[in-house]
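Heads up: the sequence shown begins at 0 in numbering that gives the first Met the number 0, then just goes up one per residue.
From the three backbone atoms N, C-alpha and C, an ideal C-beta is built for every residue, glycine too.
Remember, it's a predicted structure, so these values are computed and weren't measured experimentally.
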Amino acid sequence: MPLKAVALNATLKTSDAKDPSSTDRMIGLIDKALSEYDVVTEVLRLADFNIKPGVTSDEGAGDDWPDIRAKLLGADILLLATPIWLGQPSSLCKRALERMDAFLEETDDQGRMVSYGRVAAVAVVGNEDGAHHVSAELYQALNDVGFTIPANAVAYWVGEAMGSTNFVDLGKVPKVVTKAVDMLARNTAHLAGLLKEKQYPGEGS
């Protein structure tokens, strides 16, 4: 059976925005690379949903997070992709992480978080430095809420400081980005396959 991935695109642009999304372009590269390892990816653009503020799995009427949560827990891989704004992950990226905080209290009968056994990778795009800072923030948060981080599970591109060229504007993807994407896909698919076959031990094992 193919592995399933969910990519959360934390761009601030909705799907009907006139300007293309650099984050979406990076996700497309990773999706294509993952498909080489029999991984099927569903992309969710967070700006298209009403994700209420909070730290529970359901914040009441009109909250779209419960459906997104179900897709996350039904997948083997989470790809969290964000632009850099003010040197930070986007506000939508942070909101998704805040909602995943609920996983800390949601455990199975062996004390394992509901997110256990799932692998997470990160994608970052921006026009100024900050990719390492952003990926470090996301790595820590994703690990805290039960996801497993593979080796080299980040692909990023940052342009010249104060520049006007976005990743989506590039005529050709730099080789260093392609190499990072391929490594992310290879390692993420490999680890997800291992964890699907053998889950983490629970309490008392």
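Uninterrupted alpha helix (DSSP H) stretches inside the region 62 to 142 (no shorter than 4 residues):
64 to 72 and 90 to 99
Could you pull out every residue in the same chain whose Cβ sits closer than 7 Å to the Cβ of CYS92, ignoring the five residues on either side in sequence?
Along the sequence shown, read from residue 1 onward, the residue named residue 92 stands at position 93. Excluding sequence neighbours, CYS92 sits near ALA9, LEU79 and THR81.
Every unbroken alpha helix (DSSP H) within the region 0 to 34, with a cutoff of 4 residues, ordered by chain:
21 to 34
Length of the line joining the Cα atoms of SER20 and GLU202:
For this step, residue 20 is matched to residue 21 along the sequence shown. For this step, residue 202 is matched to residue 203 along the sequence shown. One C-alpha to the other measures close to 43 Å.
Identity of the residue in GLY86, PRO1, VAL180 and LYS70 nearest ALA130 by Cα
What you label residue 130 is simply residue 131 of the sequence shown in a count that begins at 1. Checked all of GLY86, PRO1, VAL180 and LYS70; the closest Cα to ALA130 is GLY86.
For HIS189, which residues from the same chain have a beta carbon less than 8 Å from its beta carbon, with the 5 sequence-adjacent residues on both sides left out?
Translated into positions along the sequence shown, residue 189 becomes position 190. Once the five neighbours on either side are set aside, the close Cβ partners of HIS189 are TYR36 and PRO149.
Between the CA atoms of LEU11 and ASP47 - distance to the nearest angstrom:
Along the sequence shown, read from residue 1 onward, the residue named residue 47 stands at position 48. Along the sequence shown, read from residue 1 onward, the residue named residue 11 stands at position 12. When rounded, the distance between both Cα atoms is 9 Å.
Please classify TYR199 as buried or exposed, where buried requires at least 16 other C-beta atoms within 10 Å of its C-beta.
In the sequence shown, counting from the first residue as 1, residue 199 sits at position 200. By the 10 Å Cβ count, TYR199 comes out exposed.
Taking the alpha helix (DSSP H) that VAL175 belongs to, which residues open and close that run?
The residue given as residue 175 occupies position 176 in the sequence shown. Element bounds for VAL175: 174 to 196.
Extent of the continuous beta strand (DSSP E) run through GLU58
For the purposes of this step, residue 58 is identified with residue 59 of the sequence shown, where counting begins at 1. No beta strand (DSSP E) holds GLU58; DSSP gives it neither H nor E.
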